[in-house]
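Asks: Sequence order for the protein chains is A and B. With the working numbering, letter number 58 in the first sequence gets 47, and the count goes up by one each step, no holes. With the working numbering, letter number 76 in the second sequence gets 65, and the count goes up by one each step, no holes.
Protein chains: 2
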Amino acid sequence: MLKLSKMTDYAVVILAEMASLDGQLLTAGALAQHTKVPEPTVSKILKLLVKQNLVASTRGSNGGYTLSKSPNDINMAHVIMATDGPVTLTACVESSGQHCDLSDNCNVKGKWNPVNQAMQNALENVSLQQMIGGRA
Amino acid sequence: MLKLSKMTDYAVVILAEMASLDGQLLTAGALAQHTKVPEPTVSKILKLLVKQNLVASTRGSNGGYTLSKSPNDINMAHVIMATDGPVTLTACVESSGQHCDLSDNCNVKGKWNPVNQAMQNALENVSLQQMIGGRA
DNA sequence: TCAATTAGTACCGTTTTAGTACTGATTAAA
DNA sequence: TTTAATCAGTACTAAAACGGTACTAATTGA
Ligand code: FES
Ligand code: FES
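In structure tokens, the structure reads:
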């Protein structure tokens, strides 16, 4: 249905909360309370975001999470990559690595690539800062 | 994963085949043979496309399907609408009609709307003609 | 009447997704 | 050194979405 997963939706809400309290080290539990997203899910998402270096974690007692970049430098394409994997509109997009059954006698082979790229670009041009209402 | 369904993928392949044989009345079976898409699936997709007035059907013996518009006037957003429903990136996009659990204290409410619109526009600007390789 | 063909609906099996649970590693503080 | 808090990683389960199929009804030309 050309939709984002709930994970991505949640991830943006969580990131937005972190941005609004920038600099603070927040635990998964605290973020769950603030955002009303179930805590185990928050934890799961934060781990994914750490892997993409969108947030930094501090382990141990008094640990927590904080943004590892400025909200201006975090874009939606990157967040989606973290939670849902790369943007690949169809199985036959080059970057997908997958093989399409129809590729032998397909009359639209490769034609999705530029469309896919356009989507990617559009998402890269939306920053977390914009998602929390800022202009820049 | 921000991907299109296989249905949409197939639909475009089928439409492209129809475009390349423009004017001819083609049965679901014939299109299945040409495209290698399983026939029942072809039938299902054609029915969806008829509902959106992208193809016209003729019933009865010697019946079949044909494009109801020029390939220039068929765009990907419309095809996606036929096979997957409207483009709604997240549950909280205005046009989705759905209600988001987090909407009460959500700090990114409504912020997906322009992004969603950008996607929609990008898809509207890709015609079937372009998908079959034509410039215009 | 008969055969071809689309229309509509309903169903099932598989895959994907969301959510949960559990164990292990790290760190600060008592 | 012990304890408690916290993140890391993995594995599992339940629910939803999706792809595919089957079946019946309606339409039309011969
Ligand atoms: S639909 Fe996959 S290669 Fe064309
Ligand atoms: S995430 Fe749904 S309203 Fe904000």
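We put the CB at the ideal spot given by N, CA and C, even for glycine. Given the structure is predicted, the values throughout are model-derived calculations rather than measurements.
Please tell me whether B:Asp11 has its Cβ less than 8 Å away from any Cβ of chain A.
Replies: Not closer than 8 Å to any Cβ of chain A, the Cβ of B:Asp11 fails to qualify, so no.
Asks: Strictly below 7 Å CB to CB, what residues from chain A border B:Ile34?
Replies: The premise fails here: B:Ile34 is roughly 13 Å from chain A at the closest Cβ pair, so nothing lies under 7 Å.
Asks: Within the 8 Å Cβ cut-off, does A:Asn42 reach chain B?
Replies: So, not an interface residue.
Asks: Should B:Asp62 be flagged as near chain A, meaning a C-beta pair shorter than 8 Å?
Replies: For B:Asp62, the answer is no, since every Cβ of chain A falls outside 8 Å of its Cβ.
Asks: According to DSSP, is B:Asn42 part of a helix, a strand, or is it coil?
Replies: Here B:Asn42 sits in coil by DSSP.
Asks: How do the stretch 17 to 28 of chain A and the stretch 98 to 116 of chain B stand: do at least 3 beta-carbon pairs fall below 8 Å, yes or no?
Replies: Verdict: no, contact absent.
Asks: Kindly list, in the order they appear in chain B, the residues whose Cβ is closer than 7 Å to that of A:Glu6.
Replies: Correct list: Asn96.
Asks: Compute every distance between the C-beta of A:Asp(-2) and the non-hydrogen atoms of ligand 2, then say whether any falls below 7 Å.
Replies: A:Asp(-2) Cβ: within cutoff of ligand 2.
Asks: Just curious, the beta strand (DSSP E) that A:Gly53 is in, first and last residue?
Replies: Where A:Gly53 is concerned, the enclosing beta strand (DSSP E) stretches over 53 to 56.
Asks: How about the stretch 71 to 79 of chain A and the stretch -3 to 9 of chain A: do they share at least three Cβ pairs that are nearer than 8 Å?
Replies: With a cut-off of 8 Å, the stretch -3 to 9 of chain A and the stretch 71 to 79 of chain A count as touching, because enough Cβ pairs lie within range.
Asks: Listed in chain order, which residues of the stretch 68 to 79 of chain B have Cβ atoms closer than 9 Å to some Cβ of chain A?
Replies: For the stretch 68 to 79 of chain B, which is checked against every Cβ of chain A, the residues closer than 9 Å are Ile69, Asp73, Gly74, Pro75, Val76, Thr77, Leu78, Thr79.
Asks: Name the chain B residues that come within less than 8 Å of A:Thr55, Cβ to Cβ?
Replies: Correct list: empty, because the minimum Cβ distance to chain B is about 17 Å.
Asks: Which complete beta strand (DSSP E) runs does the stretch -2 to 49 of chain B hold, if anything under 3 residues is left out?
Replies: Those beta strand (DSSP E) runs which fall completely within the stretch -2 to 49 of chain B and span 3+ residues are 44 to 47.
Asks: Going by DSSP in three states, B:Ser59 sits in which element: helix, strand or coil?
Replies: In this structure, B:Ser59 counts as coil in the three-state DSSP scheme.
Asks: Name the chain B residues that come within less than 8 Å of A:Val104, Cβ to Cβ?
Replies: Result: Met65, Ala111, Leu112, Val115.
Asks: From the beta carbon of B:Leu15, is the nearest beta carbon of chain A less than 8 Å away?
Replies: No, its Cβ sits nowhere closer than 8 Å to a Cβ of chain A.
Asks: Since B:Ile63 contacts B:Ser116 with CB under 8 Å, what's their CB separation in whole angstroms?
Replies: Contact flag correct, Cβ pair sits at about 6 Å.
Asks: Does the beta carbon of A:Val26 fall short of 7 Å from some heavy atom of ligand 2?
Replies: The answer is no for A:Val26.
Asks: Going by C-alpha distance, which of A:Ala8, A:Ser46, A:Trp101 is nearest B:Ala111?
Replies: Closest option to B:Ala111, Cα to Cα, is A:Trp101.
Asks: Could you list which residues in chain B have their beta carbon closer than 9 Å to that of A:Val1, in chain order?
Replies: The contacting residues are Thr79, Val97, Lys100, Trp101.
Asks: In terms of residue numbering, what span does the alpha helix (DSSP H) encompassing A:Asp73 cover?
Replies: That run of the alpha helix (DSSP H) goes 65 to 73.
Asks: Would you list the one or two residues that DSSP bridges to A:Ser(-6)?
Replies: Per DSSP, none; premise fails for A:Ser(-6).
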